[in-house]
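Chemist: Okay, here's the structure, questions in a sec.
2 protein chains.
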Amino acid sequence: MKINENYKNLNESYLFSTISSKVMEFLANNPDRELIRLGIGDVTRPLTKSTVEALASASCAMGTQEDFHGYGPEQGYSFLREKIKEYYLKNGANLRIDEIFVSDGAKSDLGNILDIFSTDNLVLIPNPVYPVYVDTNIMAGRRIMFLDANQQNNFLPLPDENLKADIVYLCSPNNPTGAAYSRDDLEKWVNWAIKNEAVILFDAAYECFISDKNLPKSIFEIEGAKKCAIEFCSLSKMAGFTGTRLGYTVVPTALSFDNMSLNKMWLRRQTTKFNGVPYIIQKGAEAVFTPQGQREILENINYYKINAKVIADTMADNNIWHTGGIHSPYIWFKCPNGMQSWEFFDYMLNSIAVVGTPGIGFGSNGEGFFRLTAFGTYEKTVEAMKRFNGMLRNM
Amino acid sequence: MKINENYKNLNESYLFSTISSKVMEFLANNPDRELIRLGIGDVTRPLTKSTVEALASASCAMGTQEDFHGYGPEQGYSFLREKIKEYYLKNGANLRIDEIFVSDGAKSDLGNILDIFSTDNLVLIPNPVYPVYVDTNIMAGRRIMFLDANQQNNFLPLPDENLKADIVYLCSPNNPTGAAYSRDDLEKWVNWAIKNEAVILFDAAYECFISDKNLPKSIFEIEGAKKCAIEFCSLSKMAGFTGTRLGYTVVPTALSFDNMSLNKMWLRRQTTKFNGVPYIIQKGAEAVFTPQGQREILENINYYKINAKVIADTMADNNIWHTGGIHSPYIWFKCPNGMQSWEFFDYMLNSIAVVGTPGIGFGSNGEGFFRLTAFGTYEKTVEAMKRFNGMLRNM
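Going line by line, the protein sequences match chains A and B. Residue 32 is where the first sequence starts when you use this note's numbering, and the numbers rise one by one after that. Residue 32 is where the second sequence starts when you use this note's numbering, and the numbers rise one by one after that.
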């Protein structure tokens, strides 16, 4: 048996294990210091009341003969897909039910979608970015070209006339930079993709943090996007579902290449290699989209957004160049005094016992940058920024 | 952008849609006749008390700050993997915790595992069999060779000296035939695989129906299997989890090809393209493996097994050649009077209003055979077999 040789080309990622060992060493040497973690990429607030009630009630229903649910539709129950359709309609994107595929999360779908594309495609991936885009394409042996995101373009790169690629990843609001594309920007990308017969894989996992009506939450708010884009979204950050697992992917029926409908190809992929999301979890997700559910999750989102503002304001007050912090739980900033990412990590840990994530961990263009997140508690975020100000005064 | 051209080689499966339209036509023409469905491949009995309590309790925990769970380990929580390890140990298979990967189901893993193998492998697939094995390999463009299962080998084909292949699928107890390999049989397969440097993908989704201590429930009860086999299992049939979604895959750490550990490759695949099973569902699964949980699910399994015996006894009493029905919820029999599969489907539907599944739907060697399942109610199964006896008397 021959293995998939492409796996030999994967680099081990030592980002989070290195952070973890540095933190452990610090705590061993400084048992009395109170550590504050602002590197967390996971939500910390519990599921809301409506969701918990729906989950518990569906759990009980599964124990009764009349309300037991066996195999469901692989692409999700209509009761949930209808709700997602309504959610998109509020933002001006009109989807068909059969364009919405419920899954166990955006990460799974971002990897699995590659099944329907030839390995002979040139893939364009922003640098820095969420590492999964790179690794999933290395596994399939696709050629990867990087798209420079940097201070000059505010970490929001745009296509130029000479750019050629077959598949492009866009993540907005971005992980790790928190930067969000404007409507004009996305129009440029959509026009470029149509002209170049390329597909945009649009990662909208952080759309719920957008509160400016002028910023698009979905690429399908842009004219023509249904001819060139697939969108990935998730309840992970929106409703605290990181451990509850539910996402959805939108594959327009108008999306067709070589006379093959990508929507039908994805349906075939999912019905063959997936068996749907648990009925219980889909009932929990349905509750998220009720008016009461939306009010409840907005409280949590706003909680994180206040933390983000505390961090972003600290950067602004200190004239530190940064992105994010407004329409995103992430704040991406230039390391003070021209420090490198890991150098600043060590400096901040040792001087004020605050942990973040070195920008270099997301790609070479992240060197010299740093990411803090809004997923801590308000009290600890305020305390961390107080220490941060003190650190800067002593630098 | 270029699509994955292999999708053009997939055949549409009309099996269940054809059954459905034939049944609808029959009901429209015979509104007064009471239909009995014995074609069901899904469980029908609700989740048991322990499971429901664990699911509901975990749902509530997710709404509290102290017991909220965000991202979990992609390969499953230790509390569940420990229980699965104990379950295997009872059958004499000693696994390490890091050999057990919890997933959303055997179907997903059977498809996704192919990621770690080169597309340049020759795949050996029994005929007839669960259609997912074939379709997932067509999607990847692998060469497929079929292995004849038939009346001569009791639908349990064995390797001979000249057989060459890189990857082989075995499903025991089998879907659709219900036939189960003996220890001797599996030893032959393991020896063949080691000699040929092949990998066995062992689908054990129906192992819970085995009650004979002499029949292996897991391929890892066979000496040497850890050097050549990956096993897929699921709580779908064991604990009624078809709509609750939890399975597990065992990839031995001793399994190595081309100096690459398949266990590490699978771990990398799962951490890159999967984010774990919902915490709530894993708590539900944990309850299945407690002594009380095992007692409860055994009641359901025995209920289905009594149905299976009713059907198998009917076949035996009528001297109809058949497999399954003892260690399986499936009964696979030769159509009476030398009928073809669809011919018999129509005959049985029209004469006694009983629905089953034509064997030809599982591969060309299924022609002339038919599958009935034990997932109906006891009363309806008995009634169907009464009608079946009457039908035979009038044939």
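Just so it is clear, CB atoms sit at the ideal spot from N, CA and C, and this is done for glycine as well. The structure displayed is predicted, hence computed values, not measured ones.
Name the two residues that bound the continuous alpha helix (DSSP H) containing Arg-418 of chain B.
Modeler: It spans 409–424 - the alpha helix (DSSP H) in which Arg-418 of chain B sits, taken as one unbroken run.
Chemist: Are the segment 263–272 of chain B and the segment 136–148 of chain B in contact at 8 Å, needing three or more beta carbon pairs?
Modeler: Yes, the segment 263–272 of chain B is in contact with the segment 136–148 of chain B.
Chemist: So which residues on chain A does Lys-257 of chain B lean against when the C-beta distance must stay under 8 Å?
Modeler: Ordered by position in chain A, no residue passes the 8 Å Cβ test against Lys-257 of chain B, which lies about 15 Å from the chain.
Chemist: Is DSSP giving Ala-85 of chain A helix, strand or coil here?
Modeler: Note: Ala-85 of chain A maps to helix in three-state DSSP.
Chemist: Of all the options B:Glu-414, B:Ile-328, B:Ser-249, which has the alpha carbon lying nearest to the alpha carbon of Ser-81 of chain B?
Modeler: When each option's Cα is compared against that of Ser-81 of chain B, the closest is B:Ile-328.
Chemist: Label Asn-61 of chain B either buried or exposed according to how many other C-beta atoms from any shown protein chain fall within 10 Å of its C-beta, with 16 as the threshold for buried.
Modeler: So Asn-61 of chain B ends up on the exposed side.
Chemist: Please go through the segment 152–228 of chain B and give each complete beta strand (DSSP E) segment of 3 or more residues, from N-terminal end onward.
Modeler: Correct list: 153–158, 174–179, 198–202.
Chemist: For a cutoff of 9 Å on Cβ pairs, would you count Phe-233 of chain A as touching chain B?
Modeler: No, Phe-233 of chain A lies away from the interface with chain B (no Cβ there is under 9 Å from its Cβ).
Chemist: What residues in its chain sit with their C-beta under 7 Å from that of Ile-351 of chain B, if we drop five residues either side in the sequence?
Modeler: Excluding residues within five positions, the ones whose Cβ falls inside 7 Å are Phe-364, Lys-365, Pro-367.
Chemist: Kindly list the residues whose CB is nearer than 8 Å to the CB of Asn-185 of chain A, restricted to its own chain and excluding five residues on each side of it in sequence; keep chain order.
Modeler: These residues qualify, in order along the chain: Ala-210, Thr-354.
Chemist: For Phe-110 of chain B, does the count of other Cβ atoms within 10 angstroms reach 16, so buried, or fall short, so exposed?
Modeler: Burial call: exposed.
Chemist: Take the Cβ of Met-426 of chain A as the centre, count every other Cβ of all protein chains shown within 10 Å, and call the residue buried at 16 or more, exposed below.
Modeler: When all chains shown are included, Met-426 of chain A counts as exposed.
Chemist: With DSSP collapsed to three states, give me the class of Arg-402 of chain A.
Modeler: Three-state DSSP puts Arg-402 of chain A in a strand.
Chemist: So what does Pro-389 of chain B bridge to, in DSSP terms?
Modeler: Note: Pro-389 of chain B sits in a beta bridge opposite B:Phe-401.
Chemist: Between the alpha carbons of Asp-98 of chain B and Pro-162 of chain A, how many angstroms are there, rounded?
Modeler: Asp-98 of chain B and Pro-162 of chain A: Cα-Cα distance of roughly 29 Å.
Chemist: What is the rounded straight-line gap between the Cα of Thr-321 of chain B and the Cα of Cys-202 of chain B?
Modeler: One C-alpha to the other measures close to 27 Å.
Chemist: Is it the case that the CB of Pro-104 of chain A approaches a heavy atom of the ligand ZN more closely than 8 Å?
Modeler: Among the ligands in the structure shown, none appear at all, so the ligand ZN cannot be discussed.
Chemist: Out of A:Leu-189, A:Ile-175, A:Gly-394, A:Met-379, which has the shortest C-alpha to C-alpha gap to Asp-197 of chain A?
Modeler: Minimum Cα distance to Asp-197 of chain A is reached at A:Ile-175.
Chemist: For Lys-304 of chain A, decide whether its Cβ has a neighbour in chain B, counting only Cβ atoms nearer than 9 Å.
Modeler: Cβ-Cβ to chain B under 9 Å: yes for Lys-304 of chain A.
Chemist: Ala-87 of chain B versus chain A: which residues are under 7 Å apart at the beta carbon?
Modeler: Those are Ala-87, Ser-90, Cys-91, listed as they occur along chain A.
Chemist: Quick one: grab the DSSP three-state call for Ile-50 of chain B.
Modeler: Correct three-state label for Ile-50 of chain B: helix.
Chemist: Since His-358 of chain B and Asp-243 of chain B are thought to touch, with beta carbons under 8 Å apart, how far apart are those beta carbons, to the nearest angstrom?
Modeler: Confirmed, Cβ separation roughly 7 Å.
Chemist: Comparing alpha-carbon positions, which option in A:Asp-348, A:Val-341, A:Asn-381, A:Ser-382 lies nearest Glu-410 of chain A?
Modeler: Ranking the options by Cα distance to Glu-410 of chain A, first place goes to A:Val-341.
Chemist: According to DSSP, what are the bridge partners of Ile-362 of chain A?
Modeler: Per DSSP, A:Gly-355, A:Leu-403.
Chemist: Classify Tyr-45 of chain A: buried if its beta carbon has 16 or more other beta carbons within 10 angstroms, exposed otherwise.
Modeler: By the 10 Å Cβ count, Tyr-45 of chain A comes out exposed.
Chemist: Using 8 Å for Cβ pairs, my map puts Tyr-335 of chain B next to Phe-406 of chain B. What's the rounded Cβ distance?
Modeler: Contact holds; Cβ gap of about 6 Å.
Chemist: Note down the Cα distance separating Asp-166 of chain B from Arg-300 of chain B, rounded to an integer number of angstroms.
Modeler: Cα-Cα distance, rounded: 20 Å.
Chemist: Using a cut-off of 8 Å between C-beta atoms, extract the partners of Ser-139 of chain B located in chain A.
Modeler: Residues of chain A passing the Cβ test: Lys-304, Phe-305, Asn-306.
Chemist: With Val-281 of chain B as the anchor, note down where its beta strand (DSSP E) starts and where it stops.
Modeler: Counting along the chain, the beta strand (DSSP E) containing Val-281 of chain B begins and ends at 278–281.
Chemist: Determine, for Val-385 of chain B, whether the minimum Cβ-Cβ distance to residues of chain A falls below 9 Å.
Modeler: Judged by the 9 Å Cβ criterion, Val-385 of chain B is not in contact with chain A.
Chemist: Count the other CB atoms within 10 Å of the CB of Leu-78 of chain A; is the residue buried (16 or more) or exposed (fewer)?
Modeler: It is buried - the Cβ of Leu-78 of chain A has at least 16 other Cβ atoms within 10 Å.
Chemist: Closer than 7 Å by beta-carbon distance: list the chain B residues that pair up with Ser-149 of chain A, in chain order.
Modeler: The answer, in chain order, is Lys-33, Ile-34, Asn-35, Glu-36.
Chemist: With a threshold of 16 other CB atoms inside 10 Å of the CB of Gln-313 of chain A, please say whether the residue is buried or exposed.
Modeler: Label assigned to Gln-313 of chain A: buried.
Chemist: Taking the alpha helix (DSSP H) that Ala-339 of chain A belongs to, which residues open and close that run?
Modeler: From DSSP, the alpha helix (DSSP H) with Ala-339 of chain A extends over 322–348.
Chemist: Within a Cβ cutoff of 8 Å, which residues of the same chain sit near Ser-292 of chain A, ignoring the five residues on either side of it in sequence?
Modeler: Answer for Ser-292 of chain A: Thr-284, Leu-286, listed in chain order.
Chemist: Quick one, which residues of the segment 260–287 of chain A are near chain B if we go by CB-CB under 7 Å, in chain order?
Modeler: So the close ones are Thr-273, Gly-274, Thr-275, Arg-276.
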